[in-house]
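Engineer:
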Amino acid sequence: MEPPIKDFVSYNEKMKKTIIDKIFFMDKIEVERIVDFGCADGALISFLANMFPEIEYVGYDIDPKMIELANEKSNLDNVLFTSDIKDINSNKKETALLLSSVIHEVYSQKKDINGFWESVWGLDFKYVVIRDMMHSRTMNRPSNNIHVARIRQVYDPVKINQWESQWGTLEENWSLIHFLLTFTYEENWDRELRENYLPINLESLLNLIPNHYYPKFFEHYTLPYINQISEEKFGIQIPDRTHLKLILEKRSFNVR
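Quick note: the sequence shown uses the numbering used here, first residue 8, plus one each step.
(1) State the CB to CB distance for the pair Tyr64 and Asn85, rounded to an integer number of angstroms; the pair is presumed to be in contact (CB under 8 Å).
(2) Can the beta-carbon of Gly45 be found closer than 8 Å to that of Ser115?
(3) Going by other Cβ atoms of all chains shown within 10 Å of its Cβ, with 16 needed for buried, is Arg144 buried or exposed?
(4) Go through its chain and collect everything with a Cβ distance to Asp124's Cβ below 8 Å, but skip five positions before and after it.
(5) Is there contact here, the stretch 223 to 243 with the stretch 176 to 191, by at least three beta-carbon pairs under 8 Å?
(6) What is the DSSP secondary structure of Phe54, reduced to helix, strand or coil?
(7) Are Asn57 and His142 touching if we call contact CB-CB under 8 Å?
(8) Taking 8 Å as the threshold (C-beta atoms), are Ile254 and Ile52 in contact?
(9) Between the alpha carbons of Ile12 and Leu55, how many angstroms are there, rounded?
(10) Roughly how many angstroms lie between the CA atoms of Trp174 and Asp91, to the nearest whole one?
(11) Considering only residues of the same chain and omitting the five flanking positions on each side of Tyr204, which have a CB-CB separation below 8 Å?
(12) So, at 6 Å on beta carbons, what are the nonlocal neighbours of Leu83 in its own chain, with the 5 sequence-adjacent residues on each side left out?
(13) According to the neighbour-count rule (16 or more other Cβ atoms, all chains shown, within 10 Å of its Cβ), is Gly66 buried or exposed?
(14) Whole angstroms is fine: what's the gap from Thr176's alpha carbon to Ser182's?
(15) Under a three-way DSSP split, which group does Thr102 fall into?
(16) Could you tell me which uninterrupted alpha helix (DSSP H) segments, each at least 4 residues in length, are contained entirely in the stretch 27 to 81, listed from first to last along the chain?
(17) State the CB to CB distance for the pair Lys133 and Val38, rounded to an integer number of angstroms; the pair is presumed to be in contact (CB under 8 Å).
(18) Return the chain-ordered list of same chain residues with a C-beta closer than 8 Å to the C-beta of Tyr220, the five sequence neighbours on each side being excluded.
(19) So, for Ile243: in the same chain, excluding its five sequence neighbours on each side, which residues have a beta-carbon less than 8 Å away from its beta-carbon?
(20) My guess is that Ile74 and Thr89 are in contact by the Cβ rule of under 8 Å, so how many angstroms apart are they, rounded?
(21) Nearest-angstrom Cα distance between Asp247 and Pro206?
(22) DSSP three-state call for Ala156: helix, strand or coil?
(23) Scan the stretch 117 to 166 and note each continuous beta strand (DSSP E) run of 3 residues or more that stays entirely inside, going in chain order.
(24) Between which two residues does the beta strand (DSSP E) carrying Glu238 extend?
(25) In three-state DSSP terms, what is Asn195?
(26) State the Cα-Cα distance for the pair Tyr232 and Asp119, rounded to the nearest angstrom.
(27) For Ser107, which three-state DSSP category applies?
(28) Helix, strand or coil for His227 per DSSP?
Written out as structure tokens, the structure is:
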């Protein structure tokens, strides 16, 4: 079983650092309802609900502690936080299903992956919005030796040993980039150490999209915030694209 989050405040504060990046879709789609699947403490929905009060919001998370935190912080009439999956698809309005940093957790925790995708596509919402850590298969190559040396000079060798025991040597680029995405979560290190941030590559994800959805927006990029802290700590500019923004729109006609 994955270790629990020890410091919810620290964990959620780091999540807020990227909140502007997470709302990239709001000027690209028109919806009446947004469902945030894996809403955590509800920070993203609360942010959106204050900016766009004309939209209905549902925040869903399987962790009751997160739902409790979300409800403590929110008193908005157009927002529902819930752990009941039935609340997601109980409305016929034009809806966007938001998968923000959810896919990697489903894969990392080895949940019912096929069931997860069947639910996503089966809900048949107008939009599926994905924003997550995502690498290309080209990341699988040897690391830059200078980058490895800088990390070993600066970072806690005990934690490096723990990392390499879990994910392999930093001399492999996938492990090094994965480490750069993880190292700041020291307050919840035991948990984050075991979570695979990069369990599925971009090419595999794109192959999962059914024909009744098409990409309305696509961006594969390196998150500026991650690059900033990597450069501040190690003097390293991350050499690979680490994140994906993708908007899928349901087709209004059958595709043969």
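The C-beta atom is built at its ideal place from N, Cα and C for all residues, glycine as well.
Structural biologist: Looking at the coordinates:
(1) 6 Å
(2) no
(3) exposed
(4) Residue 124 is actually Trp in this sequence, not Asp. For Trp124, where only same-chain residues beyond five positions count, the Cβ hits under 8 Å are Leu215.
(5) yes
(6) helix
(7) no
(8) no
(9) With a pLDDT of 45 at Ile12, under the threshold of 50, the modelled position of that residue is not reliable, and the figure given next carries that caveat. If you take the alpha carbons of Ile12 and Leu55, they lie about 25 Å apart.
(10) 34 Å
(11) His111, Ser115, Met140, His185, Leu188 and Thr189
(12) Ala56
(13) buried
(14) 7 Å
(15) strand
(16) 50 to 58 and 71 to 80
(17) 7 Å
(18) Trp128, Val135, Leu255, Glu256, Lys257 and Arg258
(19) His154, Arg157, Ile158, Leu187 and Ser237
(20) 7 Å
(21) 16 Å
(22) helix
(23) 134 to 140
(24) Per DSSP, Glu238 belongs to no beta strand (DSSP E); it is in the alpha helix (DSSP H), Pro231 to Phe241.
(25) helix
(26) 31 Å
(27) strand
(28) strand
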